[in-house]
Amino acid sequence: DTAVSQTPKYLVTQMGNDKSIKCEQNLGHDTMYWYKQDSKKFLKIMFSYNNKELIINETVPNRFSPKSPDKAHLNLHINSLELGDSAVYFCASSQEGSGYTFGSGTRLTVV
Amino acid sequence: KNEVEQSPQNLTAQEGEFITINCSYSVGISALHWLQQHPGGGIVSLFMLSSGKKKHGRLIATINIQEKHSSLHITASHPRDSAVYICADNTGNQFYFGTGTSLTVIP
Chain A
1 DTAVSQTPKY
11 LVTQMGNDKS
21 IKCEQNLGHD
31 TMYWYKQDSK
41 KFLKIMFSYN
51 NKELIINETV
61 PNRFSPKSPD
71 KAHLNLHINS
81 LELGDSAVYF
91 CASSQEGSGY
101 TFGSGTRLTV
111 V
Chain B
112 KNEVEQSPQN
122 LTAQEGEFIT
132 INCSYSVGIS
142 ALHWLQQHPG
152 GGIVSLFMLS
162 SGKKKHGRLI
172 ATINIQEKHS
182 SLHITASHPR
192 DSAVYICADN
202 TGNQFYFGTG
212 TSLTVIP
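Right, here's the structure in full:
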């Protein structure tokens, strides 16, 4: 039983394409997140979302958009992919007062 | 802007040694997180703390709010502790990550 699952694990796509990464958590957590880890292994938060509020990191291009059909899912849509979008994207969830649970990551390669 | 700095950047230790990784931040926090990333890439949340000290097995995390400093200690280190350890400052709705400390424990 995977607590936070992301799909796909690997994604190779051409520049200009539109792609989505899916994330699901079965922990009943209220808040979900998307993080980007660049080639230098530096983590940066992109979005945090609960059923009340979407918080966007202002440095994230508007080509990236989170979509949450329900509390257990937070998908990441990326339009017009660029080479610089190549990175590992991590989904995570948390409940107030507790720690975080991370997905195993999606390695995106834009060619 | 919050600066989160970790030291050392790289650390090699002999099995059994006591290890300390330091994290300092420049702005007040809601919570300070310690994360562990194994060579395979998966990330595990080790601790979330806003005051005092927490212990889990051989891992101990401490925080000094006045000095804006946190430490992660590993007692009786083991090769399976080899990983990158990342501290993150959660301030309001923002997260600021350190650049990580790469730990290698040699048998």
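First to last, the protein sequences are chains A and B.
According to our numbering, the first sequence is numbered sequentially starting from 1.
According to our numbering, the second sequence is numbered sequentially starting from 112.
Quick reminder that beta carbons are idealized off the backbone N, C-alpha and C, glycines included.
Backbone secondary structure at residue i - three-state DSSP
i                : result
Arg191 (chain B) : helix
Gly211 (chain B) : coil
Leu83 (chain A)  : helix
Gln14 (chain A)  : coil
Pro218 (chain B) : coil
Lys71 (chain A)  : coil
Residues near residue i in its chain [Cβ-Cβ closer than 7 Å; skip 5 each side]
i                : result
Ile197 (chain B) : Leu146, Gln148, Phe208, Gly209, Gly211
Thr7 (chain A)   : Lys22
Euclidean distance between Cα positions of residue i and residue j
i                : j                : result
Ser156 (chain B) : Asn79 (chain A)  : 30 Å
Ile174 (chain B) : Tyr100 (chain A) : 18 Å
Glu24 (chain A)  : Val138 (chain B) : 33 Å
Val4 (chain A)   : Lys71 (chain A)  : 13 Å
Asp192 (chain B) : Thr215 (chain B) : 8 Å
Ile176 (chain B) : Ser162 (chain B) : 7 Å
His73 (chain A)  : Gly103 (chain A) : 12 Å
Met32 (chain A)  : Ala124 (chain B) : 36 Å
Arg63 (chain A)  : Phe129 (chain B) : 46 Å
Ala194 (chain B) : Lys19 (chain A)  : 31 Å
Asp38 (chain A)  : Ser86 (chain A)  : 8 Å
Ile55 (chain A)  : Leu108 (chain A) : 23 Å
Gly127 (chain B) : Leu170 (chain B) : 13 Å
Tyr89 (chain A)  : Tyr35 (chain A)  : 6 Å
His77 (chain A)  : Asn17 (chain A)  : 11 Å
Exposure label - residue i; buried when at least 16 CB within 10 Å
i                : result
Ser98 (chain A)  : exposed
Pro69 (chain A)  : exposed
Ala172 (chain B) : buried
Asn75 (chain A)  : buried
Ile217 (chain B) : exposed
Val111 (chain A) : exposed
Ser118 (chain B) : exposed
Leu116 (chain A) : Nothing about residue 116 (chain A) can be read from this structure; chain A reaches only from 1 to 111.
Gln197 (chain A) : Outside the displayed span of chain A (1 to 111) sits residue 197 (chain A), for which this structure offers no information.
Val12 (chain A)  : exposed
Pro66 (chain A)  : buried
His189 (chain B) : exposed
Asn201 (chain B) : buried
Thr186 (chain B) : exposed
His144 (chain B) : buried
Tyr10 (chain A)  : exposed
Residues of its chain near residue i, where Cβ-Cβ distance is below 8 Å and the 5 sequence neighbours each way are ignored
i                : result
Gln120 (chain B) : Thr210, Gly211, Thr212, Ser213
Asn57 (chain A)  : Lys44, Ile45, Met46, Phe47
Any C-beta of chain B under 7 Å from that of residue i
i                : result
Leu43 (chain A)  : yes
Gly99 (chain A)  : yes
Gly28 (chain A)  : no
Phe102 (chain A) : yes
Gly84 (chain A)  : no
Gly16 (chain A)  : no
Test: residue i CB closer than 7 Å to a CB of chain A
i                : result
Ser162 (chain B) : no
Ser141 (chain B) : no
Ser156 (chain B) : yes
Gly203 (chain B) : no
Phe129 (chain B) : no
Gly168 (chain B) : no
Cβ shell of residue i (< 6 Å), same chain only, five flanking positions each side left out
i                : result
Ile154 (chain B) : Leu146, Gln148
Ile165 (chain B) : This sequence places Lys at residue 165 (chain B); Ile is not what is there. Answer for Lys165 (chain B): Phe158, Ala172, listed in chain order.
His29 (chain A)  : Ser93, Ser94, Gln95
Asn51 (chain A)  : Lys71
His180 (chain B) : Ser135
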